[in-house]
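Trainee: Before we start, here is the structure in question, set down as structure tokens.
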Amino acid sequence: MKTPDVPTAAAYKEVGTPWTDAKPADRLPRDAWWTLYGDTQLDDLQKQLIAANPDLAAALANYDQAQAYYQYTRGDLFPQIEGNASAQRSQLSANAPNPAPKQLYNTRTVGFSASYEIDLWGRVRNEVAAGKAQAEAAADDLENVRLSLIAQLVDTYIVLRGLDRDSAILTDTVKAYQRALDLTEERHRGGIAPGVDVARAQTQLEMARSEAEQTLAQRALVEHSIAALVGESPSQFSIAPKIVDITLPAVPVDLPSTLLQRRPDIASAQRHMEAANANIGVARAAFFPSIGLNASGGYLSSQAGNWLTQPSGFWAIGPAALLTIFDGGKRNASVKQAHAVFDEASAKYRSTVLSAFTQVEDNLALLNHYRDASSAEKSAVAAAQRSLNFSLDRYREGAVNYLDVVTSQTAALQTQRDALSLDTRQLRASVALIRALGGGWEQTQATAENAAATNKPGQG
């Protein structure tokens with residue numbers, strides 16, 4: 117079977133020097149990549165997911181089914197032997213065309229039968245090959261589900277911790293806006309500030325409180341999602357709010373050609389092609405006679421006393437052939453169907469590979485541009501805070517009205533939240549990139565590169 121050609125570049129467009137060492141998907145370690153984010157609570161949640169996630173359990177059951185079917189198909193490689201024993205009392209009809217003189221008699225039989233298909237045309241071999249490929253595809257599907265769920269948990273946890281930071285920003289903002297309201301009320305009581313300043317300060321405060329509550333609502337939904345992933349009831353599951361510095365890992369990126377070996381969904385698609393190709397051989401074998409070797413033997417007697425004696429023995433052995441002469445085109449249709457299934461599997465393989473390359477390039481582009489945007493956003497946060505401090509000082513001095521303060525407050529809060537959102541998106545893009553690369557790499561090389569390039573998003 118020839119694997120379909122898929123357009124493959126020499127290197128990813130979004131990186132300079134790619135990392136080249138990789139193992140096939142069957143042997144690639146994926147058991148600890150989430151530890152690169154440096155959060156022990158995330159590590160514990162991953163253990164819960166692997167132990168209790170229902171989708172992962174369903175994928176494991178599907179894998180067990182495929183393994184059992186493969187073992188079932190392997191049974192046709194060996195002779196089929198059956199034993200039998202019976203003791204019967206029978207009566208013949210007196211009105212039969214040639215009635216027997218003795219219409220009542222006993223029959224006692226013990227024996228065996230054996231059959232073996234001589235696989236001249238490869239039907240059995242191809243059925244076994246198809247079963248093996250399906251079992252291997254099921255193993256890849258299991259690994260793909262596991263990888264997807266782990267990545268989903270990391271991504272959701274990052275969103276949760278981002279909301280914790282957002283909530284902390286809004287809590288501090290509410291306190292600052294309350295102080296600003298107190299200031300305007302004091303100035304208003306002294307006849308220095310008009311009532312509109314108090315109204316504007318009150319509006320800012322209430323809007324911040326509303327945003328804080330909306331953030332808590334979003335956090336609750338994200339927490340419920342994590343509960344479902346780890347197999348717990350949302351009513352009995354909680355994660356305490358906490359400000360966590362999550363590490364942004366440096367992900368080594370391999371050559372595009374090795375991506376085909378690393379992603380379990382690509383391996384699964386390729387093995388589905390192998391199974392479909394083998395099934396073509398099964399369909400073609402139906403045009404040739406099925407040749408088998410049959411044997412039987414045992415003891416048969418009407419009397420118990422001489423049942424298991426030499427004169428009561430019988431046996432038979434010989435080849436047998438079966439060929440369908442006319443079937444109204446069923447075999448031709450079966451071969452055409454098998455070819456169509458193979459063509460479908462090939463197209464899905466190409467689609468899976470192209471999608472994989474797209475996902476890698478997408479997330480590399482996001483990380484590259486988010487990194488540059490993050491630097492500019494942090495400068496904007498600092499500038500907005502300076503503007504707010506200056507506006508408040510000028511307002512205390514009576515040099516500006518409160519509208520200038522409101523404008524500066526809005527800009528300062530927005531830039532802080534934008535910076536936080538950008539940091540969260542960077543982390544999520546890194547998760548998506550690791551997922552797109554197959555969820556792992558050689559730790560010896562990756563550790564060295566990670567130590568040289570690891571940084572933390574500016575969320576503090």
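Counting in the numbering used here, the sequence shown runs from 117 upward without gaps. Cβ coordinates follow ideal geometry from the N, Cα and C atoms, glycine included.
1) Taking the alpha-carbon of PRO350 as reference, which of SER341, ALA356, PRO357 and LYS358 has the nearest alpha-carbon?
2) Do the CB positions of ARG551 and TYR486 come within less than 7 Å of each other?
3) From this set, ASP155, LEU172, LEU236 and PRO213, which residue's C-alpha is nearest LEU193's C-alpha?
4) Given that a residue counts as buried once 16 or more other Cβ atoms are within 10 Å of its Cβ, and exposed if not, what is SER206?
5) Among all the DSSP beta bridges, which residues are the ones paired with ALA432?
6) Helix, strand or coil, according to DSSP, for GLY199 in the structure here?
7) Look at the alpha carbon of VAL369 and the alpha carbon of ILE197, and state the distance between them as a whole number of angstroms.
8) Given this structure, state the Cα-to-Cα distance separating ASP509 from VAL312, to the nearest angstrom.
9) Please state whether DSSP places ILE285 in a helix, a strand or coil.
10) When DSSP labels each residue in this structure, what does GLU130 get in the three-state scheme?
11) Taking the alpha helix (DSSP H) that ARG502 belongs to, which residues open and close that run?
12) Whole angstroms are fine: how far does the CA of GLN352 sit from the CA of VAL398?
13) Mapping the DSSP letters down to three states, classify LEU579 as helix, strand or coil.
14) Along the chain, where does the beta strand (DSSP E) containing ALA227 start, and where does it finish?
15) Taking the alpha-carbon positions, what's the GLN250 to ILE355 distance?
16) Consult DSSP for GLN157 and reduce its assignment to one of helix, strand or coil.
17) Could you tell me the alpha carbon to alpha carbon distance between PRO120 and SER326, rounded to whole angstroms?
18) Just the Cα atoms here: how many angstroms apart are ILE285 and GLN532?
19) LEU332 bridges to which residues according to DSSP?
20) Using C-beta distances below 6 Å, list every residue in its chain close to ALA454, excluding the 5 sequence neighbours before and after it, in chain order.
21) Is the beta carbon of ALA436 sitting closer than 7 Å to the one on ASN410?
22) Under DSSP, the alpha helix (DSSP H) around MET389 begins and ends at which residues?
23) Would DSSP call GLN162 helix, strand or coil?
24) With the cut-off set at 7 Å, would you say PRO357 and ASP298 are in Cβ contact?
25) So is THR374 buried or exposed if we call it buried at 16+ other beta carbons inside 10 Å?
26) Using C-beta distances below 8 Å, list every residue in its chain close to ARG190, excluding the 5 sequence neighbours before and after it, in chain order.
27) Tell me, please, which residues DSSP counts as bridged to GLN250.
28) Cα-Cα, which of ARG379, GLN204, ASN211 and GLY238 is closest to VAL226?
29) Which residues in the same chain as VAL497 place their Cβ atom closer than 7 Å to its Cβ, once the five residues preceding and following it in sequence are excluded?
30) Drop a sphere of 10 angstroms on the beta-carbon of ALA138, count the other beta-carbons inside from all chains shown, and report buried for 16 or more, exposed for fewer.
31) Taking the straight line between their C-alpha atoms, what separation do you get for THR440 and ALA343?
32) So, for ASP257: in the same chain, excluding its five sequence neighbours on each side, which residues have a beta-carbon less than 6 Å away from its beta-carbon?
33) Using the Cβ count rule (16 or more neighbours within 10 Å means buried), how would you classify TRP431?
34) Excluding sequence positions up to five away, which residues of its chain have a Cβ less than 7 Å from the Cβ of MET117?
Mentor: Taking the geometry as given:
1) SER341
2) no
3) LEU236
4) exposed
5) SER412
6) strand
7) 55 Å
8) 19 Å
9) helix
10) coil
11) 446-512
12) 53 Å
13) There is no way to answer for residue 579, as the model of the chain reaches only from 117 to 576.
14) Correcting the residue type first, residue 227 is Gly in the shown sequence and not Ala. GLY227 -> beta strand (DSSP E) spans 220-234.
15) 40 Å
16) helix
17) 55 Å
18) 8 Å
19) For LEU332, which the question treats as bridged, DSSP gives no partner whatsoever.
20) ASN395, ILE396 and ALA399
21) yes
22) 380-401
23) helix
24) no
25) buried
26) VAL244 and GLY247
27) DSSP output for GLN250 lists no bridge partner at all.
28) GLN204
29) THR531, GLN532 and ALA535
30) For ALA138, the pLDDT reaches just 38, beneath the cut-off of 50, and the residue's location in the model is therefore unreliable, leaving the point undetermined.
31) 58 Å
32) SER384
33) exposed
34) MET389, GLU390 and ASN393
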